[in-house]
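Add 794 to the 1-based position in the sequence shown for the numbering used here, that's all there is to it.
For glycine and all other residues, C-beta sits at the position ideal for the given N, C-alpha and C.
Structure first, then comments.
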Amino acid sequence: MALQQLLNHITAYLDYLKNTCKLSISVHFDEKTSSSLFKQAISALLPYNSHTNPYCMAVKKDRHSKCLLHQTEILQGVAGSFLLVCHAGVFEYIHVFRSNGKSGYIAASGYRRQPPPDSCGGLWQTALSGDVPLETLNAVIPPLGLMLERLFDCPSESPENEYNLIVQFLSEFHSHITLDDLCAHFGRSKSHISHMFKTASGMSIREYCNKLKLEDAEKLLKETAFSVTEIAFETGFNDTSYFIRLFSQKYGVTPLQYRKANSGSLPHSPRRFPE
């Protein structure tokens, strides 16, 4: 099967799990695998690379190093499906898959287990679900793993594809990441990372992170009743006016205008989420 056809099947299935099954699904690869996949594959899977649940977004903003450690521990474990509790107290269904020396995992997240000391302003109760739909997950997640394993059969790019690694890292930790953080994580100089990323993407690190943060804000405007100020803060903008200006430039309308046109019927309370 051609790479693009395989990617079309994978992304269509991921959209089905999200939109029809109402599951919060993310796909992750270890660094060796990420660096070897074609940019075409990394780009197609980026929208499914991080947890976009508002509670997880809030936790990740301040504790991304723990999220990285959590992912590393999962990838070092055995293949197969299992339940675990992440460092933020969220119940996750994990499916680890391996083939040809490469590995990755699928996470179905967003289920309450035990409230942490900091529940992020009530998001623990409002943004997470109760029971884990184990029967459904056991039925729909392993087939996705088999499709993703097929990507490992495709010819690989250079094992040192730094751009793939940086893009995947930013996909998950863009809300408060800095160029210094990237340099420390990848062991590279600012000039090297800045030049390489600009050449490959056409954008600076800051421009790319702002793009991702605005996409996060778009989701929160559609699915929550958070105020514009709350959304600016949750997505990593410390200046609400700057956030509104960037959002208006990207979408052609203000955040409030966008919400009015796209949100449908939102709950009245600023701390309530749709069922």
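Discussion item. So, at 6 Å on beta carbons, what are the nonlocal neighbours of residue 1085 in its own chain, with the 5 sequence-adjacent residues on each side left out?
Written reply: This structure cannot speak to residue 1085, because the chain is shown only from 795 to 1069.
Original post:
According to DSSP, is residue 1039 helix, strand or coil?
Top reply: Note: residue 1039 maps to helix in three-state DSSP.
* Asked: Identify the residues that DSSP records as bridge partners of residue 906: which are they?
  -> DSSP lists 884 as partners of residue 906.
Q) For residue 834, which residues of its own chain have a beta-carbon under 8 Å away from its beta-carbon, when the five flanking residues on both sides are left out? A) For residue 834, where only same-chain residues beyond five positions count, the Cβ hits under 8 Å are 797, 798 and 801.
- Query: Measuring CB to CB, does residue 891 end up less than 8 Å from residue 905?
  - Reply: Taking a C-beta distance under 8 Å as the contact criterion, residue 891 and residue 905 do not qualify as a contact pair.
(Q) So, with DSSP's three-state summary, where would you put residue 860? (A) Secondary structure at residue 860: helix, using DSSP grouped into helix, strand and coil.
Going by DSSP, what residues sit across from residue 889 in a beta bridge?
DSSP, once it has assigned bridges, lists 875 and 900 as partnering residue 889.
Using the Cα positions of residue 875 and residue 1047, report the straight-line distance between them to the nearest angstrom. Distance between the alpha carbons of residue 875 and residue 1047: 43 Å.
Rounded straight-line distance, which links the Cα of residue 893 to that of residue 948
Spanning the alpha carbons of residue 948 and residue 893 requires a straight line of approximately 12 Å.
Check residue 946 in the structure and name its three-state DSSP category.
Three-state DSSP puts residue 946 in coil, outside helix and strand.
Q. So is residue 1052 buried or exposed if we call it buried at 16+ other beta carbons inside 10 Å?
A. Sixteen is the threshold: when 16 or more other Cβ atoms of the shown chains lie within 10 Å of the Cβ of residue 1052, as they do, the residue is buried.
Could you check the C-alpha separation between residue 1049 and residue 871 for me, to the nearest Å? So the two alpha carbons sit approximately 42 Å from each other.
| request: Buried or exposed for residue 854, please, with buried defined as at least 16 other CB atoms from any protein chain shown within 10 angstroms of its CB. | output: Its Cβ being crowded by 16 or more others within 10 Å, residue 854 is buried.
What span of residues does the alpha helix (DSSP H) with residue 829 cover, start to end?
From DSSP, the alpha helix (DSSP H) with residue 829 extends over 825–830.
Quick check on residue 989: does DSSP put it in helix, strand or coil? Helix at residue 989.
Local Cβ density within 10 Å of residue 882, reported as buried at 16 or more and exposed below that: So residue 882 ends up on the buried side.
TODO: Report buried or exposed for residue 1029, applying the criterion of at least 16 other Cβ atoms within 10 angstroms of its Cβ.
DONE: Buried: at least 16 other Cβ atoms inside 10 Å.
Return the chain-ordered list of same chain residues with a C-beta closer than 8 Å to the C-beta of residue 984, the five sequence neighbours on each side being excluded.
These residues qualify, in order along the chain: 973, 974 and 977.
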